[in-house]
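Working notes, beginning with the structure itself.
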């Protein structure tokens, strides 16, 4: 269920509940908001221009809020940072672009994970004491000097004929 359907279902139950409530029931419901089983209604931060002008409640549905959809009007809101009206279809296009970029990023992240599964990344590292009475532990992991020297020596043995290395 998307946000629009949840809002519309919640809107119907909220208006019926509002008619049945008395002022005393309203006060007690504010105290028990955390325990309420009724669905919460998501509200937009910025109402569309038409809803703002008519002072009606604007819902978060895309590409049009419910009042604009009913009247068949263009649903757009005023962006104060850009000082211009922006259509809600622009938001849908941006969401589609984000999804496409996330899918593309997912392909690259999977490739990186495969490259990390080398012997160097699998070898455990840890703190060890070189001597029993040594108070400061030393790190002997894949990035320590000993591990690097061991890797260099293995590569040198592989590419040379001499076994004295």
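In this note's numbering, the protein residues as written are 68 to 232. Idealized CB from N, CA, C, for every residue including glycine.
query                                                                                                                  : result
Spatial neighbours of residue 142 in its chain, beta-carbon cut-off 6 Å, leaving aside the 5 residues before and after : 115, 131, 132, 135, 155
Through-space distance from residue 120 to residue 144, alpha-carbon basis                                             : 11 Å
Three-state secondary structure assigned by DSSP to residue 164                                                        : helix
Run of the beta strand (DSSP E) containing residue 10, from where it starts to where it stops                          : This structure cannot speak to residue 10, because the chain is shown only from 68 to 232.
Span of the alpha helix (DSSP H) around residue 133                                                                    : 133-138
Cβ neighbours of residue 226 in the same chain (closer than 8 Å, five flanking residues each side left out)            : none
Separation of residue 162 from residue 149, as counted between CA atoms                                                : 19 Å
Exposure label - residue 224; buried when at least 16 CB within 10 Å                                                   : exposed
Cα-Cα separation between residue 216 and residue 200, rounded to whole angstroms                                       : 25 Å
Reduced DSSP category for residue 88 - H, G, I as helix; E, B as strand; rest coil                                     : Low confidence applies to residue 88: its pLDDT is 43, below 50, so where it sits in the model is not reliable, and the reading given next is rough at best. Looking at residue 88 - three-state DSSP - the assignment turns out to be coil, as it is neither helix nor strand.
The ligand MN heavy atom lying under 7 Å from the CB of residue 140                                                    : The ligand MN is absent from the structure shown, which contains no ligands of any kind.
Selected residue, minimal CA-CA separation from residue 137, among 118, 151, 147, 153                                  : 118
Pair within 8 Å by beta-carbon distance, residue 129 and residue 158                                                   : yes
Residue 124 versus residue 140 - alpha carbon distance                                                                 : 15 Å
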